[in-house]
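Going letter by letter, the sequence shown gives residues 1 to 143 in the working numbering.
Even glycine gets a Cβ: it sits at the ideal position worked out from N, Cα and C.
It should be emphasised that the depicted structure is a prediction, and the values quoted were computed from it without experimental measurement.
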Amino acid sequence: MPGLRFQMAIALAVLALVALGLAAGCGGDEEEATPPTTPGAPADQTEFEMIMLDNFFAPDRLTVKAGQTITVNLENQGQNTHNMHIAGLDNEYDAGDDDFISEPDTFKSGDKGKIVFQIDQPGVYDFRCDSHTVLMTGEITVE
């Protein structure tokens, strides 16, 4: 019965290779699910392009100069509804009339719009999507 032992050894070897291939294939998905962190643009830039995906912004960090009027052109390339909401000078959401909210205030998949703002005081200001307040966030550094 050497033929049966040989066939069993081949079958086990094939199963081991298949298992290794599946294990290697599973590792790549985790990295793709993590949103990329993009460094801020030069501080003298006044217009930015940003896409909204499920559920992160790209880029998720901007650097601007204090006192400049900034325009961020937005496009929702995700399937979910999104927007961009910048916290005011107190870095709190909805704590006064100093917040900035994108136009339109809700983007369906494929929609485009913008947010225009000016922050006069240097600091780090948070922004988020109001539909995904924990997962979809970013920062604006004002120098």
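When only Cα atoms are considered, Q121 and G67 end up about 7 Å apart. For the set E92, N83, N55, G88, the Cα lying nearest the Cα of K112 is the one of N83.
Inter-segment contact for the region 86-100 and the region 51-61 is absent: fewer than three beta-carbon pairs are separated by less than 8 Å.
When only Cα atoms are considered, E103 and T141 end up about 22 Å apart.
Counting every other CB atom within 10 Å of its CB across the protein chains shown gives N76 a total of 16 or more, marking it as buried. Non-local C-beta neighbours of K65 in its own chain, meaning closer than 8 Å and more than five positions away in sequence, comprise A43, D44, V142, E143, ordered along the chain. Annotation: N73 to G123 spans about 22 Å, alpha carbon to alpha carbon. For A58, the enclosing beta strand (DSSP E) starts and ends at 56-58.
Here DSSP, grouped into helix, strand and coil, assigns H82 to strand. Annotated three-state conformation of T137 is strand, per DSSP. DSSP, reduced to helix, strand and coil, places D126 within a strand of the structure shown. A check of alpha carbon separations from F127 across L62, T69, T81 identifies L62 as the nearest.
In this structure, the beta-carbon distance from V134 to T71 does not fall below 8 Å.
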